[in-house]
Amino acid sequence: MILAELFLSFLKIGIFSFGGGYCMLPLIQNEIITKNNWINLDTFIDIIATSQMTPGPIAVNSATFIGFQMGGVLGSAVNTFGVILLPAIIVMFLSKYVEKFKDSKLIKDIFSGLRPALVGLILASAYTVGKTAIFNLQTLLIALGIFIIINKTKIHPILAIVISGVLGAAVL
Amino acid sequence: MSKNLKLFLIYLKIGAFTFGGGFAMIPLIEREVVENNKWMDSQEFTDSLALCQSVPGAIAVNNAVFIGYRINGVLGAISAGFGVVLPSFLIIMAVASVFAQIKDISMIDSIFNGIRAAVVALILTAGLRLLSVTAFNLFIIGLTFLGIAVLEINPIFVILGAITLGIMKNRNEDR
């Protein structure tokens, strides 16, 4: 029952995916690589890059991509539905009571620990991705070069990815 | 045009044209929801964004569900949510189906190796941009990093632990 397992995993990823984008990478990685070995780390990094170059959130894109590899169109549909279902229910519930929650003390308290944890999550995924992606001097220089240009210029991330691909073809 | 169809088409457009994550699409959503359709005012829209960020889930999908639900209940939420997800769903399936065939070509492999290195830079940058330096924050960041990258603890437990520490710290300060 691979579809049921996929659905449950992405249900779990969905409910714990705070902060969006890169924050959920360690979570996705834990479910689909560490625990279940559905794809390898290289493919996972390729999904991240693909998500940057195509519209759509990383969590949804990963769900679709992995679902397709494991179970075709049906797998994609099951995963994508799984990853958005619980957040959607929460949002609908909260949209009724938005005024009550806006200034809630509990929400503020939760966020004072959650916010820095999200930074830690992102840095941890930079570290694990880096361990695989940076394997010689050339890849280190590409990573450093891209880091500098995206922080010092207003270059669009898609262009940065294109540049890195060209560099990769040239020197790797 | 029915409200559901309108919601679906607007979020289809938003889903198809927003590259680079949720925050990039906010101006586009605001123009459709506040200016073009007057479904809510600017203040309400800002509040709804804060709410969509403070719950789990992708911000674009959450926003679609929130606005859709406000405008036409569960059916509105489904229409908008389906619309925002559909473009990337189709694109990613197309990418996934050609991916397996091209990835063993040596030229493609080199390109992807270059891109993987750049992904490290993109992730690192995203983390550093969110960084706000206080002693407590650095403590939590350090613990989270250690827990996930070194000790390989399940991120769910790390997240729950950080939330607990945050609540404890605030309760302590209130006393």
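Residue numbers (our numbering), protein chains in the order written: chain A, 1 to 172; chain B, 173 to 347.
A virtual CB, placed ideally from N, CA and C, is assigned to each residue, including glycine.
Task: Check whether I45(A) and A170(A) have beta carbons under 8 Å apart - done: In this structure, A170(A) does not lie closer than 8 Å to I45(A) by Cβ.
- [ ] Check whether the Cβ of N342(B) lies closer than 8 Å to any Cβ atom in chain A.
- [x] Yes, because at least one Cβ of chain A sits closer than 8 Å to the Cβ of N342(B).
Task: G248(B) beta carbon less than 8 Å from that of L179(B) - done: For L179(B) and G248(B), yes; Cβs fall inside 8 Å.
Task: N36(A) versus I122(A): straight-line alpha-carbon distance, rounded - done: For N36(A) and I122(A), the distance between alpha carbons rounds to 22 Å.
TODO: With 7 Å as the C-beta to C-beta threshold (strictly closer), list the residues of the segment 58 to 79 of chain A near chain B in chain order.
DONE: From the segment 58 to 79 of chain A, only A59, V60, N61, T64, F65, F68, Q69, V73, S76 have a Cβ closer than 7 Å to chain B.
Open item on the list: Does any residue of chain A have a CB that is nearer than 8 Å to the CB of I182(B)?
Closed with: Answer no: the Cβ-Cβ gap between I182(B) and chain A never drops below 8 Å.
Open item on the list: If the cut-off is 7 Å on Cβ atoms, which residues from the segment 255 to 268 of chain B count as contacting chain A, listed in chain order?
Closed with: Within the segment 255 to 268 of chain B, the residues whose Cβ lies closer than 7 Å to some Cβ of chain A are V257, P259, S260, F261, I263, I264, M265, V267, A268, listed in chain order.
Task: Whether L144(A) touches G19(A) by CB criterion (8 Å) - done: No.
Task: Selection of the segment 207 to 219 of chain B by Cβ proximity to chain A, strictly under 7 Å - done: Cβ contacts with chain A come from D219.
TODO: Decide if V83(A) is buried, meaning its Cβ has at least 16 other Cβ atoms within 10 Å, or exposed.
DONE: Looking at its Cβ environment, which holds 16 or more other Cβ atoms inside 10 Å, V83(A) is buried.
Task: Cβ contact (3+ pairs, closer than 8 Å) linking the segment 278 to 286 of chain B and the segment 85 to 101 of chain A - done: Contact fails: fewer than three Cβ-Cβ distances are below 8 Å.
TODO: Taking G187(B) as part of the alpha helix (DSSP H), name the residues at either end of that continuous run.
DONE: Where G187(B) is concerned, the enclosing alpha helix (DSSP H) stretches over 175 to 189.
Task: Rounded separation between V322(B) and S220(B) - CA only - done: Using only the alpha carbons, I get a separation of about 37 Å.
Open item on the list: Just to confirm before moving on: does the CB-CB distance between G314(B) and L114(A) stay below 8 Å?
Closed with: Judged by beta-carbon spacing, L114(A) lies beyond the 8 Å limit of G314(B), meaning their Cβ atoms are not closer than that value.
Open item on the list: Check for me: the alpha helix (DSSP H) holding F317(B) runs from which residue to which?
Closed with: Counted as a single uninterrupted DSSP element, the alpha helix (DSSP H) harbouring F317(B) occupies residues 307 to 317.
Task: Below-8 Å beta-carbon distance, V270(B) vs any chain A residue - done: Residue contact with chain A for V270(B): absent (no Cβ-Cβ distance below 8 Å to any residue of chain A).
Task: Distance between beta carbons of A236(B) and V205(B), contact taken as under 8 Å - done: Between A236(B) and V205(B) the Cβ distance is about 10 Å, and since that is not below 8 Å, they are no contact.
- [ ] With distances taken Cα to Cα, identify the nearest neighbour of A59(A) among S164(A), E31(A), K152(A).
- [x] Among S164(A), E31(A), K152(A), the Cα nearest to that of A59(A) belongs to E31(A).
- [ ] Measure the beta-carbon distance from S76(A) to M265(B) and round it to whole angstroms, keeping in mind my assumption that it falls under 8 Å.
- [x] Between M265(B) and S76(A) the Cβ distance is about 5 Å, and since that is below 8 Å, they are a contact.
Task: Simplified DSSP assignment, three categories, for S226(B) - done: The answer is coil: DSSP assigns S226(B) none of H, G, I, E or B.
TODO: For G253(B), I'd like the list of residues in its chain whose CB is within less than 8 Å of its CB, leaving aside the five on either flank, ordered along the chain.
DONE: Hits under 8 Å: Y183, V233, A236, V237, G240.
Task: Cβ of I2(A) within 8 Å of any chain B Cβ - done: Judged by the 8 Å Cβ criterion, I2(A) is not in contact with chain B.
- [ ] Just the chain A side, please: which residues come within less than 7 Å of I287(B) by C-beta, in chain order?
- [x] Going along chain A in sequence order, the residues near I287(B) (Cβ under 7 Å) are A49, I161, S164, G165, G168.
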